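Numbering (our numbering), first residue to last: 25 to 321.
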């Protein structure tokens, strides 16, 4: 083999090795690049504090034992547990958008304007994210870990939970008393009142026999009374002149539930429970619970 041919072979070999090396590095770069954001497991029975945002629009979830509150009011434990459990499912529904801080302002991820999501358990921070604007096609949210420059779009149930206002986390069950636990119902309408009472296996309304089938249907409403909404900061509440009141009692005379109703100009009612929490109920529901007592005869 002549020296010229040998030199050409060496050149070809060097070029081939360089090309192969470039492909390997390029492939390795793609493999090592994070495709999305991995969220930690957020066990509902371990997480005890969640804070999203600041100021009047902030959402603060807090767990005491097995129950949750939102901004100091009863929260739906089931809704909070489902949202926290969705964190792991959403990990596969995230995408790296940018590695640098350049797009932060455009994505709403600047630390001065973004909402901050912090999830804690026993004093330890499990998740700390800046939450920016909605993602492409108004789906999901842009997020980035606090202290990092990389930005991601996060989709799925966990991401959609970031859009909930405080009232959307609240427990909407006004009362829940099974018919078999009720021994008496007293309804006050203005200055008059009626009492439905059980003596032995018989029901009476204002001392007169009541229809057992109608009584069962009436009492069945109290198994779950769901609110239609909650009062806002500008709503006027005045229960001092409330014209309707309802009290549920156990067979031994213990009070099970006490509801006071305040009518509104729209026809709906504010209802205050015995623990002081106020909900909104539509007029038809309030009528069935209060004036509806008269149909059991």
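For every residue, glycine included, the Cβ atom is placed at its ideal position computed from N, Cα and C. These figures come from a predicted structure and were not determined experimentally.
For residue i, the three-state DSSP class (helix, strand or coil)
i	result
residue 245	helix
residue 80	helix
residue 269	strand
residue 231	coil
residue 120	strand
residue 195	coil
residue 318	helix
residue 275	coil
residue 101	helix
residue 167	strand
residue 286	strand
Same chain only: Cβ atoms within 6 angstroms of residue i, ignoring 5 sequence neighbours per side
i	result
residue 267	214
residue 117	179 and 180
residue 177	119, 121, 159, 164 and 166
residue 105	68
residue 75	84 and 142
Nonlocal neighbours in the same chain, by C-beta distance under 7 angstroms from residue i, ignoring five residues either side
i	result
residue 18	As displayed, the chain neither begins before 25 nor continues past 321, which places residue 18 out of reach and without an answer.
residue 245	312 and 313
residue 306	252 and 292
Bridge-paired residues (DSSP) for residue i
i	result
residue 140	154
residue 145	148
residue 204	Residue 204 is not bridged to any residue.
residue 304	253 and 294
residue 112	Bridge partners of residue 112: none, in fact.
residue 86	73 and 93
Cα-Cα separation, residue i to residue j
i	j	result
residue 235	residue 320	6 angstroms
residue 304	residue 251	6 angstroms
residue 78	residue 87	19 angstroms
residue 204	residue 157	50 angstroms
residue 202	residue 97	24 angstroms
residue 284	residue 208	17 angstroms
residue 310	residue 126	55 angstroms
Cβ of residue i within 8 angstroms of any chain C Cβ
i	result
residue 144	You won't find chain C in this structure, because it holds only one protein chain.
| Between the segment 181-192 and the segment 231-242, do three or more beta carbon pairs fall short of 8 angstroms? | no
| Is the segment 169-186 close to the segment 98-113, with three or more CB pairs under 8 angstroms? | yes
| query | Touch check for the segment 219-228 and the segment 284-299: three-plus C-beta pairs under 8 angstroms? | reply | no
| query | Do three or more CB pairs link the segment 141-150 to the segment 66-73 at distances below 8 angstroms? | reply | yes
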